[in-house]
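One structure is given here, and the rest of the page talks about it.
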Amino acid sequence: MGYIIFGAGAYGHTAVMNLGKENIDFLVDNNKTGVSEDGIDIYLFNDVKKDLISKRVIVCVSSKYQEEICKQLINNGIEFELLNDVLSKNRAEKIKNRTDYISVYKRAITWIEKYSIKGQGIIVSTDSKVSYPEVTGYYIPTLLKWGYRETAISYAKWLLSIQKEDGSWFDAYDSEPYIFDSAQILKGLIAIRDILPDVDIAIIKGCDWILSQMNEEGRLITPSKNAWGKDRTFCDEKIHIYCLSPIKNAGLIFNRNDYIEKVDKIWGYYKQTYYDEIMNFSLLSHFYAYVMEALVDIGEVEMAREAMRNISAYQKESGAVPGLNNVDWVCSTGLFQLALVWFRLGDISRGNKAFEYACKLQNESGGWFGSYISEENANETNSYFPSAEISWAVKYFLDSLYYKNLAEFNDENDAFMQSIDDEDDRYKKLKDIISKSKINTSILDVGCGKGRYLKKYINDLPNYKYHAVDLSPLVMEHIKDPRIECKQGTLTEIPYLDNKFNVTYTCEALEHAIDIESAIREMARVTITNGKIVVIDKNKESLGRLDIGEWEQWFDVDELKNIMCKYCSNVYVDTNINYEGKGSDGLFCIWVGTVK
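Counting from 195, one number per residue, gives the positions in the sequence shown under the numbering used here.
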């Protein structure tokens, strides 16, 4: 039995987004009939009231009309629930149960694809479907991390086209310039400059404009604060600290010591003027987390650690952190951002609690509203985008997931194996593939761990150039041979130019990549035409044989083969793999593709 929603206005739409269209039978209203914006039938109450007996009716109207509607239902003998009560119960139940995290990721990517405006950027929110320059800018590093290079390039080209002559960027409505917005765009352009060298001029112009807004004290005075609102306990200029890292990075890239000196002066001003507010939870969690991440970015790690210890006092057992220091409702983006900072500081436990709680708030669409009522206090009113999905929530989900993976791989450093036997088929069969390449060509191990394959190949097949990529530099410290070039990266962001390698392989790492097609696409991108990409990993038919992580995936032989066929002219699969002296028992497969 599905829900009957009483209220066909904005609150009814909110109910549909939270509960899922497929779970709604129809809408009821006192004034409207027809079809809602969500494509659900609307009936007048008097026409269907007899049909509502023994149905699950949910009242979804503003507080102005709630009492009146409740009396109407009571007088007609109809039982009902209030939307906030239902959502609170549902969230409490969801939080108890394990989430399908891979689906959380896939829905989030689908949301980005849906709300990216062709030839421009990402929207502000589902209530304001115009491209948002600021958020589009800081989306670029995120998209690159997860393998969406073409979208990142498109975003960057649009940002270049809308930069003002003085070097600034304006808000989403092209009304006024903002220091904060311009700095976030610089982060994106710096991240993509190896792909689009033309961004360098725009980066320098942007830095120059921001620094031209600095006064003699070191304070950044933005031309407008209209977008911040009037409540300085909600958002204020402390967020300018989040503008410093791109300017400092630009100073290092372009040998501009004046940039670095001015960044130091600006930081000195904000540290001296706002120290107590920086160290204590003083803004909306979204904006406060900007400040926390900024501290890590500029190297003030101990300050960040102390401030995050202070905010940890607000974290509930569920993982929730309130949106403000005097409420119970939560800010979705703020949760992901605080989780991100905890992960970067190595506090995996607190990071996971906040991250997992926020994941469970995801709407069916793949997005997140700006804020949600706490399951502990359904009578509150949440004030931060309560019924609009905001684009930056999805960005910080992806960033938090990246740093979660990094923190956990660093933490599991001791568990990674350092050697592999000569007679192991995984080693032997991959060795045979490499040996068929021309000598002096380049070979890449992505997700190399401690380099147990590379350490043997460098001696067994010395006439090749070997390269290693792994998420964790800490893990790669075990690769000591100077003949092996090591770079930090992931399967979805391989830090090499196109067409670099003759063989690109990954051994028991694709299972951790989350976005499988992005990973295969990246492997193919860095591999020459007719070169080989090789995946050694576990067969989905063997699920249950070993413990598996929440984010880990094993592979259906044909499904992975079909993905590889999008980028390869020929793919074959070897299922007869002896390993660790156990013989061939179906656990491992080797997929080999010839790149188109």
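Think of the CB as a built atom: it goes at the ideal place given N, C-alpha and C, for glycine as much as any other residue.
Owing to the predicted nature of the structure, the values given are computational and were not obtained by experimental measurement.
query	result
Just the C-alpha distance for N520 and F749, rounded to the nearest angstrom, thanks.	47 Å
When the cut-off is 9 Å and only beta carbons count, does T330 lie next to chain B?	The structure shown contains no chain B; it holds only a single protein chain.
Which whole-angstrom value describes the C-beta separation of Q682 and R646, a residue pair presumed to lie in contact below a C-beta threshold of 8 Å?	So it is not a contact: roughly 18 Å between Cβ atoms.
Grouping DSSP H, G and I as helix and E and B as strand, with all else coil, what is V663?	strand
With DSSP as the reference, identify every bridge partner of M670, one or two as the case may be.	Paired residue(s): none; M670 is not in a bridge.
Determine, using beta carbons only, whether I708 and M717 come nearer to each other than 9 Å.	no
With a CB to CB cut of under 8 Å and the five nearest residues on each side skipped, what residues in its chain are close to W352?	G313, Q314, G315, S325, T330
Can you tell which of S568, L668, K625 has the C-alpha that lies nearest to the C-alpha of N607?	L668
CB-CB under 8 Å to I633, same chain, minus the five flanking residues each way: which ones, in chain order?	N657, Y658
Around the C-beta of V242, are 16 or more other C-beta atoms found within 10 angstroms, so that it is buried, or is it exposed?	exposed
For R538, which of N573, A488, Y551, E583 has the nearest alpha-carbon?	A488
Which same chain residues end up closer than 7 Å to Y578 when comparing Cβ atoms and leaving out the 5 residues on each side of it in sequence?	L478, G517, C525, G564, S565
Please state the DSSP three-state secondary structure of C553.	helix
Cα-Cα, which of F200, K226, N278, R450 is closest to L246?	F200
How about S594 and Y551: do their beta carbons lie closer than 9 Å?	no
In the DSSP output, what is N772 paired with across the bridge?	S778
Only counting the same chain, and skipping five residues up and downstream in sequence, which positions put a Cβ closer than 8 Å to that of I673?	C642, K644, G645, L648, K649, A662, C680
Classify S297 as buried or exposed, calling it buried when 16 or more other Cβ atoms lie within 10 Å of its own Cβ.	exposed
Which stretch, first to last residue, makes up the alpha helix (DSSP H) that contains T721?	T721 -> not in any alpha helix (DSSP H); beta strand (DSSP E) instead, spanning 721 to 732.
Taking 8 Å as the cut-off, does the stretch 388 to 408 touch the stretch 346 to 362 (at least 3 CB pairs, one atom from each stretch)?	yes
Closest by CA to R301, which one among C553, S322, A385, K456?	C553
From this set, A501, S629, R413, which residue's C-alpha is nearest Y463's C-alpha?	R413
Which residue wins for smallest C-alpha separation from I454, given the options S439, Q466, T467, F481?	S439
With a CB to CB cut of under 7 Å and the five nearest residues on each side skipped, what residues in its chain are close to S778?	N770, I771, N772
Am I right that Y758 and I714 are in contact with their C-beta atoms under 8 Å? What's the rounded C-beta distance?	According to the sequence displayed, residue 758 carries Met and not Tyr. The Cβ separation is near 6 Å, so the contact holds.
By the 10 Å Cβ neighbour count, where 16 or more other Cβ atoms means buried, how is K776 classified, buried or exposed?	exposed
Out of D675, L638, L704, E711, state which residue places its alpha-carbon closest to the alpha-carbon of S692.	It is Asp, not Ser, that sits at residue 692 in the sequence shown. Per the Cα distances, L638.
Considering only residues of the same chain and omitting the five flanking positions on each side of E774, which have a CB-CB separation below 7 Å?	D618
When DSSP builds the beta bridges, which residues end up paired with N638?	Position check: residue 638 holds Leu in this sequence, whereas Asn was assumed. H661, T698, per the DSSP bridge assignment.
Quick one: what's C680 bridged to in DSSP?	A662
Using the C-alpha atoms, what's the distance from L277 back to W586?	26 Å
CB A202 to CB I236, shorter than 9 Å?	yes
Express the C-alpha separation of N270 and V588 in angstroms, rounding to a whole number.	43 Å
Distance check for N696 and I289, CA to CA, integer angstroms please.	Confidence at I289 is low in this model, with a pLDDT of 48, below 50, so its placement is unreliable and the value that follows should be read with caution. So the alpha carbons of these two residues sit roughly 47 Å apart.
Looking only at its own chain, which residues have a Cβ that is under 6 Å from the Cβ of W536, when we skip the five neighbours before and after it?	R544, G545
Is T700 buried or exposed, if buried means 16 or more other CB atoms sit within 10 Å of its CB?	buried
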